[in-house]
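Trainee: Counting in my numbering, the sequence shown runs from 9 upward without gaps. Backbone N, C-alpha and C define an ideal beta-carbon position, used for all residues, glycine too.
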Amino acid sequence: MEFGRRAVLRAAIATTLAVSAGGLFASVPATAAPVPSEDEFFGVWNPATSTWTKEPALDYAAFGALAEVEAAAKSGAYDRASAALLAYYRTREGRTPPPWVQNNVFVAGQEELFLDHFWTLGTGEAYISTLTVAGTEAESTADVTRNARSAHGSGWVGFMLMARHKEATTAEFRSRQAASGGPVLSVTLADGTVHDLAAAQDTYIANGDLAGTVLGGEPKLQVRDEGTGPYGPQTRKAYLSFDLSALASAPKKAVLRLTGRNATADAPKQVVLFQEKEAFDEAKRTWNNTVQNTFSWQGDPGGFDWKGPAGSDPEYSYQLPRFYFAGPVADAYRASGDERLAAGLLALMTDFVQDAAGYPGGVPGFPRNLDACWRYLNWTYAYDVLRTSSSLTAGTNITLLRAFVAGARYLATTTSNTPNWMISIRSTLLGLALYFPEFKGSGQWLGDAQTFLGDQLRSALYPDGGYVEASSGYAMGVAQTFGKNAALLKANGESFAAGEDLRALSWYLADQAYPDVRDPSYGDSGTADWSPGLTVLADLLADEELRHVATGGTSGRAPGHTSVIYPVTRTAVQRTGWAEQDLYLRFSADRGPHSVRDDLDVAVYAYGRPLLPEMGAFSYSSDPKSNWLRFDSRSRNTVTVDGVPQVLDAAAGLSQAHSPWFDLADGWTDASAAARHGRTVLFVRGRFWIVSDVLTPHDLAEHSYQQTWHSLPDARLSVDPTSKAASTAFTTGANIRIVPSDPGPLAAGLDDGYYSPAFYTVSEAKYVSYTLKATGTARLDTLLLPTREGSGDNAEVTRVRTGDGASALRFGAGRSSGWYLHADGAGDERTFGPYASDARVAYAETTDGVERLLLAGGTVLLHGRTPLVRADHELGTLAVELDRERRVVALSGLSAATGLEVAAPWARRVTVDGEPVRFTARQGLIRIGSRSGTA
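#1: I'd like to confirm the pairing. Which residues does DSSP put opposite threonine 785 in its beta bridges?
#2: Would you decide whether proline 753 is buried or exposed? Buried here means 16 or more other CB atoms lie within 10 Å of its CB.
#3: Taking the alpha carbon of proline 705 as the point to measure from, which residue in Tyr775, Thr739, Lys781 and Ala673 has its own alpha carbon closest?
#4: Distance, Cα to Cα, valine 202 vs threonine 196?
#5: With DSSP run on the structure shown, which of helix, strand or coil describes arginine 98?
#6: Assess, as a yes-or-no matter, whether the segment 103-118 is touched by the segment 238-255 under the definition of 3 or more beta carbon pairs within less than 8 Å.
#7: What alpha helix (DSSP H) runs, 4 residues minimum, are completely inside the segment 111-171?
#8: Apart from the five residues just before and just after proline 528, which ones in its own chain have a Cβ nearer than 7 Å to its Cβ?
#9: Is the beta carbon of phenylalanine 114 less than 8 Å from the beta carbon of glutamate 284?
#10: Quick check: the Cα distance between glycine 541 and methionine 484, rounded to an integer number of angstroms?
#11: Relative to the C-alpha of valine 770, which candidate in Ser627, Lys498 and Ser563 has its C-alpha closest?
#12: With 16 as the cutoff for other CB atoms within 10 Å, does leucine 328 come out buried or exposed?
#13: Leaving out five residues on either side along the sequence, give the residues of the same chain with a beta carbon under 8 Å from the beta carbon of threonine 919.
#14: If contacts are defined as beta-carbon pairs under 8 Å, then serine 719 and threonine 736 qualify, I think. What distance do you get, rounded to the angstrom?
#15: Could you tell me the alpha carbon to alpha carbon distance between valine 337 and alanine 350, rounded to whole angstroms?
#16: Thinking C-beta only, is alanine 679 closer than 8 Å to aspartate 607?
#17: Report the residue ranges of all beta strand (DSSP E) runs contained in full by the segment 892-930; include only those spanning at least 3 residues, in chain order.
#18: Please identify the residue among Gly813, Asp812, Tyr828 and Gly811 whose C-alpha is closest to the C-alpha of phenylalanine 819.
#19: Alpha carbon to alpha carbon, how far is phenylalanine 691 from serine 700?
#20: Are the CB atoms of tyrosine 4 and arginine 395 nearer to each other than 8 Å?
#21: Can you find the residues in the same chain that come closer than 7 Å, C-beta to C-beta, to glycine 757, ignoring five residues on each side of it along the sequence?
#22: Please report the distance separating the alpha-carbon of aspartate 379 from that of leucine 817.
#23: Just curious, the beta strand (DSSP E) that tyrosine 574 is in, first and last residue?
#24: Can you give, in chain order, each stretch of the beta strand (DSSP E) that sits fully within the segment 749-831 and has at least 3 residues?
#25: Where does serine 663 fall in DSSP's three states?
#26: For glutamine 582, does the three-state DSSP call read helix, strand or coil?
#27: How long is the line joining the alpha carbons of glycine 143 and tyrosine 763, rounded to whole angstroms?
#28: Tell me whether histidine 203 sits in a helix, a strand or coil according to DSSP, three-state version.
#29: Pick helix, strand or coil for aspartate 93, following the three-state DSSP scheme.
#30: So what does DSSP say about proline 875, is it helix, strand or coil?
#31: Taking the straight line between their C-alpha atoms, what separation do you get for leucine 861 and tyrosine 851?
#32: Whose C-alpha, out of Leu419, Trp127, Gly462 and Leu513, is nearest the C-alpha of serine 450?
#33: Quick one, which of Asp650, Gly235, Gly884 and Thr61 has its alpha-carbon nearest threonine 177's?
#34: Do glutamate 446 and phenylalanine 71 count as a contact pair if the criterion is CB distance below 8 Å?
#35: With a CB to CB cut of under 6 Å and the five nearest residues on each side skipped, what residues in its chain are close to leucine 908?
#36: When we look at the beta-carbon of arginine 13 and count the other beta-carbons within 10 Å, is it buried (16 or more) or exposed?
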């Protein structure tokens, strides 16, 4: 059995997690370092003693170029010192800032919105363009090709309309309920055909007296905003969505056509168009039940206060002060030289300093240390661009530099119990120290940050190399942070020692990645392309096997493994290879920050697409969609007991054995109070999976067990009323069959759920539900059969009689047929069809004339009363392939070769794990001898 990727590597990095009090994650209160005053920044000089009465924040002694600044500071001429310092930074060279960070999608022209205090959280509402309507009704159009193409896979595309300016006028657009002129999405496909799609849903929401009113049936959609603050009692926003499911392919071109006017004035009115990524129901949506992501303070003389407005997602108040928009605005200024952009961004930065000074945590740490991390990274990047701007005055420059000093001092002492937070904190400190070596303490900050980051990464890994937070996005984010740190150190003339810890984390990510190198989306994560991140790590580590994974097998060297187990992390992956068309299953009972209630969940990918994916998280808001995705176990591919969600961080265990023909994983969890859940996953490599669930209750009462299987919104799931087998029916590409072995007692159906491929993006999605009510131990055996496009493979499964404490089935799947036994434990001989075994798991199949056998535990597998495999000791997990035509017996997983007999008197060659072994023939059986050579 493989331990992690490689036993040697895992043993080399094994370490005890320092998560208890006093460890690296221990929470130590940190007082936010106040922004130094002007004299504290430049220092106060006592000429009588030739000493600093107040030590300066600048290291004059180490930087001769600051001599003019020092001289002015010593004379108390801080205005002159400020001017000299600005001149120094305008011409300083040789320092590279950290790259800006973001979680938004930016579109050219959106920087104008930022300067007007018009801000969007995340990617759930993505800016497209600004429309203009006149006082006379006319058609407005917008090119939405990019948006429709990206949304095609989800089966729908949505839009949101919002007023560009705060003014007492209302834009009205004809809705789909109007007699004519309703919204149309004109789609042109690659073959030239044009499809004019009418809106499937449209509505508007209104604040004030109409905040609780559904307005989906109105003939006009209203758009308005006025007053001060993020919204007023007259604010209205409109929403539309279009059904794309009937389109044979992704659009080549898409144009949104709206008929509207400024209904209250003859003057033109501007309306901002966003893509809306949250599915909605026009018959239910109101102002009160809509979690909004975009707000405008345009024209408000006070601007915004850097806090989330009422009704917004909780993340709004955290992410707004991160200045995710600083990088794009700075880049736009660099490209255009437009001083309006520079002046506007500088005004936003100084406005934050002024406002946050009175908040808990103050400028350095408001609102939390994680948010301060991203803010200082983005500010440092922006400062490097703005330092040459004519809009940067000496006073503004000192305001920002004083804030940078306070930020570095704060990040040098603040702590968190969450690994990715600590890594972010010290990485930002490293960036500040590298970019501002003139600050006193920067050398200490740099050394401390590098030492801490090395220790922190080691503590953020389990002994098997897995990451301690149960979220794929956060794990990749940490790895990418180290990659960026390495690049930043190198760019500023410093060295970076990657170490085996970063290699371990990189391989953990590689092992978890889908075969198309995308994020498997476990925990509160979303889908993303991991290829760029893994490529950076492969370059940093000079790892050609990792490069092979990162490039989908197009370069580098193929890894020496496919399937893998991380037993301490409690994650197993079964895969056939590293290319897009390979098969993959992830099986887990992981725990830690950002986990969801999904013990023993499986995710399946095959032939180019996720077939049973993770369903995402949507947001951290307490809305029904987010709550279901994050807190309800029925949102995952597992079993829920009595309708009660699993508890987090429950006792659980996972193990897995590998062979060239089979992978066998076993897991158990106590995440449900009423019953222990055990799940075994048998992968018949390259073809299908058999999943066995065993629910052992803690009492004699009847319990309800609900097994759920999820697919993508466009999967067109169906359930056969007789066999209760479920199937996807994607228009193109791979599909999957989900076949229960004992449909009789099951209540089967399709339930309503959600799928969130990214935060603030969500669609409705049907899922398969099998419910079994039982007293005593309950068993569910399920065949998962992925099929290529056009293959026509089908599956039939029948439960067969066997003894108590076990289940058995006969199956036919594609070109395979065989028998399967799953028992509570090894020891008792049980009959399953024509076979019998004392194993915990036994499997026998014949495919294309080759017989394959599997035994986990036990000592014997019989056909009738004739031994097929017999050992004089209990086996671990033994896989046997009998190829009569080639007269070869191949064995895998045999820990002790002696004492094993196989019914293969025709054999001419026997191998164990690919190496030839000696054998002897006696009474129709061959007895396996030592390695190296044949009889």
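Mentor: A quick look at the data gives this:
#1: In DSSP, threonine 785 forms no bridge with anything.
#2: Burial call: exposed.
#3: Cα-wise, what sits closest to proline 705 is Lys781.
#4: Valine 202 and threonine 196 have their C-alpha atoms some 4 Å from each other.
#5: For arginine 98, the three-state secondary structure derived from DSSP is helix.
#6: The segment 238-255 and the segment 103-118 do not touch, with fewer than 3 CB-CB distances between them shorter than 8 Å.
#7: When DSSP assignments are scanned along the segment 111-171, the uninterrupted stretches of alpha helix (DSSP H) that are 4 or more residues long and fall wholly within it turn out to be 119-123 and 153-159.
#8: Ser480, Gln520, Ala521, Tyr522, Arg594, Ala611 and Glu622, listed in sequence order.
#9: A distance of 8 Å or more separates the beta carbons of phenylalanine 114 and glutamate 284.
#10: Across the structure, glycine 541 and methionine 484 are spaced so that their CA atoms are roughly 8 Å apart.
#11: Nearest of Ser627, Lys498 and Ser563 to valine 770, Cα basis: Ser627.
#12: Classification for leucine 328: buried.
#13: Around threonine 919: Val896, Val897, Ala898, Leu899 and Val925.
#14: Indeed they touch by this definition, with Cβ atoms about 5 Å apart.
#15: Each residue's CA atom was taken as its position, placing valine 337 and alanine 350 some 8 Å apart.
#16: Yes, Cβ-Cβ distance for aspartate 607 and alanine 679 is below 8 Å.
#17: Complete beta strand (DSSP E) runs here, min 3: 896-900, 908-910, 917-920 and 923-930.
#18: If you compare the alpha carbons of Gly813, Asp812, Tyr828 and Gly811 with that of phenylalanine 819, the shortest gap goes to Tyr828.
#19: In a straight line, the C-alpha of phenylalanine 691 is about 12 Å away from that of serine 700.
#20: In the structure as shown, the chain starts at 9 and stops at 943, and residue 4 therefore has no counterpart that could be examined.
#21: By the criterion of a C-beta distance shorter than 7 Å, glycine 757 is surrounded in its chain by Val727 and Ser777, once the five residues flanking it on both sides are discounted.
#22: Near 54 Å, if we compare the C-alpha coordinates of leucine 817 and aspartate 379.
#23: Membership of tyrosine 574 in the beta strand (DSSP E) is indicated by the continuous run 572-574.
#24: Runs found: 755-766, 769-782, 786-795, 803-808, 814-821 and 824-831.
#25: Strand at serine 663.
#26: Correct three-state label for glutamine 582: strand.
#27: A direct Cα-to-Cα measurement between glycine 143 and tyrosine 763 gives close to 41 Å.
#28: Assignment of histidine 203 by DSSP, reduced to helix, strand and coil, places it in the strand class.
#29: Correcting the residue type first, residue 93 is leucine in the shown sequence and not aspartate. The three-state reading of DSSP puts leucine 93 in helix, counting H, G and I together.
#30: Three-state result, proline 875: strand.
#31: For leucine 861 and tyrosine 851, the distance between alpha carbons rounds to 6 Å.
#32: Here the closest residue by C-alpha is Leu419.
#33: Among Asp650, Gly235, Gly884 and Thr61, the Cα nearest to that of threonine 177 is on Gly235.
#34: Their beta carbons are under 8 Å apart, which means phenylalanine 71 touches glutamate 446 by this criterion.
#35: If we look at leucine 908 and ignore the five residues flanking it on each side, its Cβ neighbours are Ala879 and Ile936.
#36: Bear in mind that a pLDDT of 35 at arginine 13, under 50, signals an unreliable position, so the model cannot answer this.
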